[in-house]
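Structure first, commentary second.
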Amino acid sequence: MLHGRVRQTLKHLLLIAAIASITACSFKSVYNKLDYLIPEYVEGMVTLDDPLEDQLEQRSAALINWHRRTQLPEYAEWLQGLQREVLNDLTFEQVQRRFDDGNQFWLSMLSRINEEMAVLLPQLDENQRSELFASIADNNDDYREEYIDIDKAEMLEGFYDQLIDFYENWLGSITEQHRKYIEQTALELESTALYRLQRRLAWQQSIRSILESSSTQSEKQQALLTFFNNFETDENENLQRSFEHNKKLIAELTVNIAHTLTQDQKDYFTQKTNDYIRMFNELVNEG
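Be aware that the sequence shown starts at 127, since it is given in our numbering, and climbs by one per residue.
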């Protein structure tokens with residue numbers, strides 16, 4: 127997978143890039159099970175007692191209901207606009223706007239997730255907190271091994287492979303000309319993995335400090351909310367610089383590819399985006 131902000135940039139380009147390896151039909155099935163899958167994921171990191179597990183299930187269901195009602199209609203409209211632009215002489219400025227729109231979708235979702243975390247985390251006891259932070263430490267070790275403790279050749283190969291997979295998913299196949307565009311872009315991308323790990327460690331330390339303080343549960347909730355809000359707006363300068371650099375490169379790559387699509391690629395992209403637009407609207411109506 128691509129490193130940090132490069133991967134996030136691709137998600138901003140097409141909101142559902144994170145699920146690019148599965149079909150619209152299977153995504154719909156997974157989405158309808160998220161209120162069960164989210165608690166299962168959390169319990170993979172920390173063992174919950176029955177009351178807290180019940181609360182997590184209820185709050186997960188409410189979160190998904192909010193997302194279905196308020197976010198999916200915007201995703202469908204966003205994809206419709208993107209489809210028109212890609213098929214009608216896409217510009218660099220249009221791609222940049224799509225990035226910005228996608229980022230706002232992500233921030234809206236993250237804000238709701240942070241609200242839920244602020245409520246649930248202070249309810250963990252000492253043993254649960256220790257288990258949670260041990261799981262986070264293991265994840266950080268995996269992240270370091272996969273994205274940081276690699277040589278430049280492995281990093282460039284990762285950039286190239288992920289870009290190939292991404293565009294092939296939405297176009298069905300890519301031409302040799304597209305491969306050359308992608309290869310050149312991969313050579314110029316910057317890894318943000320180290321900066322992101324530093325932020326992960328800072329996040330972990332701050333959360334642990336809040337949760338292990340002598341404050342009341344209510345005070346901890348407020349402190350967590352304040353921290354989350356500030357953390358999302360206080361980007362590392364080096365991370366932000368690399369993000370803007372990578373964002374520009376991927377926008378330029380996307381424009382170059384869009385301007386050289388074959389008719390088969392246009393047809394595939396149209397069908398693929400239509401499938402997701404239909405699926406998003408169906409999920410809204412089923413809610």
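Beta carbons: idealized from backbone N, C-alpha and C, even for Gly.
**Study point:** Residue range of the unbroken alpha helix (DSSP H) whose run includes Asn372
**Key:** 363-384
Practice item. For my contact list, Tyr84 and Ile383 are in at a C-beta cut-off of 8 Å; report their separation, rounded to the angstrom. Key: Absent from the model: residue 84. The displayed extent of the chain is 127 to 413, so no value can be given.
**Study point:** Three-state class that DSSP yields for Ile300 in the structure shown
**Key:** coil
Point to revise | Extent of the continuous alpha helix (DSSP H) to which Asn266 belongs | key: 252-269
Check your understanding: Mapping DSSP to helix, strand and coil, what is Leu337?
Key -> helix
Review point. What distance in whole Å lies between the Cβ atoms of Leu282 and Leu313, which are believed to be in contact at a cut-off of 8 Å?
Key: 6 Å
Exercise for review: Write down the C-beta distance between Leu297 and Gln397 rounded to the nearest angstrom, noting that I regard them as a contact closer than 8 Å.
Suggested key: With a Cβ gap of about 11 Å, Leu297 and Gln397 do not count as contacting.
**Study point:** Spatially closest choice to Ile367 from Leu379, Val245, Glu316, by CA coordinates
**Key:** Looking at the sequence shown, residue 367 is not Ile but Arg. Answer by Cα proximity: Glu316.
Check your understanding: What is the DSSP secondary structure of Met405, counted as helix, strand or coil?
Key -> helix
Point to revise | Reduced DSSP secondary structure (H/G/I, E/B, other) of Ser317 | key: coil
**Study point:** Sufficient close CB pairs (3 or more, under 8 Å) joining the region 350-365 to the region 322-339
**Key:** yes
Review point. What does a CB cutoff of less than 7 Å around Glu211 pick up in its chain, not counting 5 residues either side in sequence?
Key: Gln220
Check your understanding: Do you know offhand how far Asp226's Cα is from Ser234's?
Key -> 12 Å
Point to revise | Sufficient close CB pairs (3 or more, under 8 Å) joining the region 252-270 to the region 158-174 | key: yes
Check your understanding: Skipping 5 residues on each side, what residues in its chain have a beta carbon closer than 8 Å to that of Asp360?
Key -> none
Practice item. With a threshold of 16 other CB atoms inside 10 Å of the CB of Ala349, please say whether the residue is buried or exposed. Key: buried
Point to revise | Same chain only: Cβ atoms within 6 Å of Ser147, ignoring 5 sequence neighbours per side | key: Only weak support exists for where Ser147 lies, its pLDDT of 37 falling under 50; the value from the coordinates is given anyway. Here the set comprises nothing.
Practice item. Please state whether DSSP places Asp360 in a helix, a strand or coil. Key: coil
Review point. Would you say the region 181-200 touches the region 265-279, given that touching needs at least three Cβ pairs under 8 Å?
Key: no
Point to revise | Where Lys392 sits in the DSSP three-state scheme | key: helix
Check your understanding: CB Leu365 to CB Arg322, shorter than 9 Å?
Key -> yes
Practice item. With DSSP collapsed to three states, give me the class of Gly284. Key: helix
Review point. With DSSP run on the structure shown, which of helix, strand or coil describes Lys159?
Key: coil
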